[in-house]
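Sequence lines, in order, name chains A and B. Here the first sequence stands for residues 6 to 375, where the numbers follow my numbering. Here the second sequence stands for residues 32 to 334, where the numbers follow my numbering. Here's the structure we're looking at; comments come further down.
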Amino acid sequence: MLVLEPRPQPSRALALLSPVIAIMLTLVAGGILLALMRRPPVEALRVYFFQPVEEFWLWLTLPAEEAAMWLYTPSEVVVKAIPLALIGGGLAVCFRANVWNIGAAGQYTAGAILAGWLALGAPEGASGIWLVPYLILGAIGGMAWAAIPAFLRVRFNANEILVSLMLTYVAALLLDWLVRGPFKDPAGFGFPESKAFQAGFVMPVLVETTRLHLGVVFAIGAALALWLMMARTMKGFEVRVMGAAPRAGAFAGFSRDRTIWFVLLLSGGLAGLAGAVEVSATVQQLQPNISAEYGFVAIIVAFLGRLNPMGALLGALVLAVSYIGGENAQIALKLPKAVTGIFQGMLLFFLLGCDTLIRFRVRWLGRRTL
Amino acid sequence: MENFLISMIIAATPLLLAATGELVAERSGVLNLGVEGMMLVGAVVAFATASATGSPVLAVAAGAGAGLVMALIFAVIALSLLANQAATGLALTIFGIGASGLIGQGFVGIALDPLGKLAIPGVSDSTMLGRILLGHDAMVYLALALAGAVAWFLARTRAGLALRAVGDNHDSGHALGYDVVAIRYAATLFGGACAGLAGAYLSLAYTPMWAENMTAGRGWIALALVVFATWKPGRVVAGAYLFAAVTQLQFYGQDWGWPIPSQFLAMAPYVATILALVIISRDVNLTKANAPACIGRPFRAER
């Protein structure tokens with residue numbers, strides 16, 4: 006029989022290899038799934054995963070004037086990756102502390118709502134400087150929403166997984182009410198949506214002819230800052246200790262409650278910022294669907310990035326490729342959108358399974374029983 | 032009021048089924064956060080089976096089987112490969128949302144006849160009590176019977192004692208000669224089958240149709256119910272009916288002329304879940320008394 010034998014030291018090589026193995030296994034399993042759906046698996050996987058990567062590669066390697074025509078897909082991948090990286094980086098820190106904020110979707114929505122309130126209430130002709138308070142309010146909205154599970158956990162010991170998740174439904178319903186009530190555009194022909202944001206509240210586009218916007222700077226900046234914090238500061242050390250060995254942390258004088266507050270406000274603030282950024286960059290109005298599912302997909306991003314903020318940046322790109330590939334496959338192969346969700350779920354399964362190899366060695370013991 | 036109570040009993044059934052299954056898994060020390068995903072896959076497979084075969088019995092069985100298969104994926108990754116249970120459960124939910132959406136593609140917008148009611152002529156329709164308590168479909172009573180059976184199994188049988196022992200202290204259970212992993216597999220699969228049944232109830236009886244994400248967080252509410260019930264099957268029954276009553280407010284509140292927007296009434300079950308968690312969790316003695324001590328912790332036999 007097969008048994009797991011603990012390694013004396015966790016394998017560093019496998020810790021880095023495991024996401025790669027998991028992605029490959031997902032491609033194989035995905036190919037089988039596509040074959041079962043009677044789609045040519047190789048062709049489908051090419052559209053799904055390799056085409057975006059291929060175009061990305063062409064854009065990177067070709068001389069500038071030729072590369073321009075391959076700019077569209079890479080820029081779209083990055084645009085998708087921005088909210089995923091912002092949320093995923095925060096969740097990586099949160100999960101490191103062994104605090105399970107799985108309600109980032111609600112914090113994202115709350116951030117978009119609070120920021121959107123400013124955008125809709127601002128005087129006519131507001132300039133781009135308004136973007137600063139807009140984004141700050143987004144982060145505050147997310148922090149406020151995350152403060153609820155933090156407070157209930159610290160004060161009443163209520164499970165943060167369930168509380169934060171329940172609040173995602175509350176936030177979605179609140180947004181639904183707002184865009185059908187107080188925030189509704191009176192000239193909107195009865196559609197449940199707010200009026201469009203003024204130009205001052207739209208994220209500036211960085212590269213002409215694409216949708217690549219300023220958010221990419223925030224995403225990279227946040228990842229760098231979080232990475233520095235985790236690797237180089239006392240606060241990062243505290244988060245890691247409280248996650249791995251809370252009793253040891255308590256003896257070192259760290260407070261469990263303070264860590265819970267810190268990581269929930271941090272991840273909530275980043276999710277709220279992501280919500281404000283995304284709404285201002287893409288739909289530029291409030292509507293019932295503002296892609297809050299990024300909050301859930303970012304969980305996969307955090308794990309794919311080894312719960313490391315810089316890793317989450319890479320993880321966000323991988324998941325963004327699966328989104329863009331999914332959209333291409335919907336058009337080219339008439340593949341349903343749900344396939345993307347299956348791929349993303351499988352990726353996390355394989356990743357968690359492969360992570361076992363970091364701590365354990367698989368041994369074949371022949372036919373004898375233990 | 033009569034209609035309110037009838038719809039409450041119906042709405043409680045999926046919560047009761049899913050929470051009872053999850054309670055068994057948690058008592059064995061397994062925290063499976065994938066209830067929502069297992070319910071969704073159960074719902075869509077049951078609906079597809081019903082529209083293909085027309086047999087409600089086959090459809091219910093297929094729903095339970097689908098939930099069981101989903102739980103098997105969880106068990107392999109979390110119990111055999113010792114992965115983090117919280118993360119694996121989340122993956123199961125994400126996977127279940129995608130898988131159910133894919134399977135259910137061709138079934139959106141189709142309506143089926145709801146499950147047949149067990150009417151007893153002359154009894155179930157003549158009195159108000161009869162109309163409220165009798166004359167539901169078989170699964171309403173099956174859910175109650177299941178909760179009773181689980182209560183008896185956990186409290187009164189040797190196997191139930193072994194299951195609780197493994198959940199409270201897996202090292203001791205192992206030392207006593209129990210196969211910890213096998214017991215946890217069985218409990219997890221039972222939980223999956225129950226979640227599949229709960230999903231089947233939603234798509235066959237509660238609203239006889241398939242819609243993406245039709246569980247709308249009921250899987251998560253079932254998880255909260257287990258905490259609310261402090262891991263006691265009898266209290267799960269009470270909790271499920273209480274929560275169902277809150278859920279139904281969104282449909283009856285407007286009929287009764289409450290001046291509250293429908294979205295706020297729809298928030299009620301989620302807010303009530305949070306309040307219930309707070310009320311139960313603040314009393315450490317209440318939660319610690321029955322909470323399985325080894326919940327969520329992986330087990331590997333050392334020798």
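For each residue, glycine too, the CB sits at the ideal point set by N, CA and C.
Next on the checklist: Using beta carbons (cut-off 8 angstroms, strictly below), is Tyr113(A) in contact with chain B?
Outcome noted: no
Next on the checklist: For the region 297–322 of chain B, list every residue whose C-beta sits within 7 angstroms of some C-beta in chain A, in sequence order.
Outcome noted: Ala297, Met298, Tyr301, Val302, Thr304, Ile305, Leu308, Val309, Ser312, Arg313 and Val315
Next on the checklist: Below 8 angstroms on the Cβ atoms is my contact criterion, and I expect Thr361(A) with Leu113(B) to pass it. Report the Cβ-Cβ distance as a whole number of Å.
Outcome noted: 6 angstroms
Item to check | Any 3 or more C-beta pairs closer than 8 angstroms across the region 107–120 of chain A and the region 297–312 of chain A | outcome: yes
Checklist entry - Under the rule that 16 or more other beta-carbon atoms within 10 Å means buried, what is Val88(B), buried or exposed? => result exposed
Item to check | Closest residue to Ala218(B) among Leu110(B), Val76(B), Arg266(B) and Glu333(B) (Cα-Cα distance) | outcome: Leu110(B)
Next on the checklist: Using a Cβ-Cβ cutoff of less than 7 angstroms, which residues in the same chain neighbour Pro79(A) once the five nearest sequence positions on both sides are dropped?
Outcome noted: Glu60, Phe61 and Trp64
Item to check | Proximal chain B residues relative to Val306(A), where beta-carbon distance stays under 9 angstroms | outcome: Correct list: empty, because the minimum Cβ distance to chain B is about 12 angstroms.
Next on the checklist: I want to verify the contact list: residues of chain B whose CB lies under 9 angstroms from the CB of Ile107(A), in sequence order.
Outcome noted: Leu64, Ala117 and Leu121
Item to check | Any C-beta of chain B under 8 angstroms from that of Thr264(A) | outcome: no
Item to check | Proximity to Ser86(B) [Cα-Cα], best of Leu47(B), Ala117(B) and Leu143(B) | outcome: Leu143(B)
Item to check | Continuous alpha helix (DSSP H) assignments of at least 4 residues falling wholly in the region 190–275 of chain A | outcome: 220–237, 239–249 and 251–256
Checklist entry - Is the region 245–260 of chain B touching the region 88–99 of chain B in the sense that three or more CB pairs, one from each, lie closer than 8 angstroms? => result no
Checklist entry - Applying a beta-carbon distance threshold of less than 9 angstroms, which residues of chain B neighbour Met351(A)? => result Ala122, Phe126 and Gly129
Checklist entry - Does the Cβ-Cβ distance between Arg245(A) and Arg101(A) come in under 8 angstroms? => result yes
Item to check | Which listed residue (Ala118(B), Val72(B), Ala83(B) and Ile108(B)) has its alpha carbon closest to that of Gly98(B) | outcome: Val72(B)
Next on the checklist: For Trp369(A), report the span of its beta strand (DSSP E) as first-last.
Outcome noted: Phe365 to Trp369
Checklist entry - Can you list, in chain order, the residues of the region 6–35 of chain A whose Cβ is nearer than 7 angstroms to any Cβ on chain B? => result Leu9
Next on the checklist: Please report the distance separating the alpha-carbon of Ala322(B) from that of Arg58(B).
Outcome noted: 8 angstroms
Checklist entry - So which residues of chain A does Pro292(B) contact, with C-beta pairs closer than 9 angstroms? => result Trp182, Arg185 and Gly186
Next on the checklist: I'd like to know if Gln136(B) contacts chain A, where contact means its C-beta is closer than 8 angstroms to some C-beta of that chain.
Outcome noted: yes
Next on the checklist: Below 8 angstroms on C-beta distance, what does Ala49(A) contact in chain B?
Outcome noted: Residues of chain B passing the Cβ test: none, with the nearest at roughly 14 angstroms.
Checklist entry - Among residues of its own chain, excluding the 5 on either side of Leu2(A), which ones have a beta-carbon nearer than 7 angstroms to its beta-carbon? => result Nothing in the structure corresponds to residue 2(A), since chain A is present only between 6 and 375.
Checklist entry - Is the beta carbon of Ile304(A) less than 8 angstroms from the beta carbon of Ile118(A)? => result no
Next on the checklist: Beta carbons nearer than 7 angstroms to chain A: which residues of the region 211–240 of chain B have them?
Outcome noted: none
Next on the checklist: Let's test the definition: count the other Cβ atoms within 10 Å of the Cβ of Asn316(B) and tell me whether it reaches 16, buried, or not, exposed.
Outcome noted: exposed
Item to check | Proximity of Leu54(B) and Val257(B) at Cβ, strictly below 8 angstroms | outcome: yes
Checklist entry - Name the chain A residues whose beta carbon is nearer than 8 angstroms to that of Val258(B)? => result Asn164 and Leu167
Checklist entry - chain A beta carbons: is any one of them nearer than 8 angstroms to that of Trp251(B)? => result yes
Checklist entry - beta strand (DSSP E) containing Glu10(A): first to last residue? => result Leu7 to Pro11
Checklist entry - DSSP on Trp2(A), reduced to helix/strand/coil? => result An answer regarding residue 2(A) cannot be provided, because it is not within the stretch 6 to 375 covered by chain A.
Next on the checklist: Please return the same chain residues whose Cβ sits closer than 6 angstroms to the Cβ of Ala5(A), not counting the five positions on each side in sequence.
Outcome noted: Outside the displayed span of chain A (6 to 375) sits residue 5(A), for which this structure offers no information.
Checklist entry - Where in the region 23–74 of chain A do unbroken runs of the alpha helix (DSSP H), each at least 4 residues long, occur, reported from the N-terminal end onward? => result 46–50, 56–66 and 69–72
Checklist entry - In its own chain, which residues sit with a C-beta less than 7 angstroms from the C-beta of Thr345(A), not counting the 5 before and 5 after it? => result Ser327, Tyr328 and Gly331
Item to check | Contact set for Leu375(A): own chain, Cβ-Cβ below 6 angstroms, skip 5 residues either direction | outcome: Any reading at Leu375(A) is ruled out, since the residue's pLDDT is 48, under 50, leaving its predicted position unreliable.
Next on the checklist: Mapping the DSSP letters down to three states, classify Val61(B) as helix, strand or coil.
Outcome noted: coil
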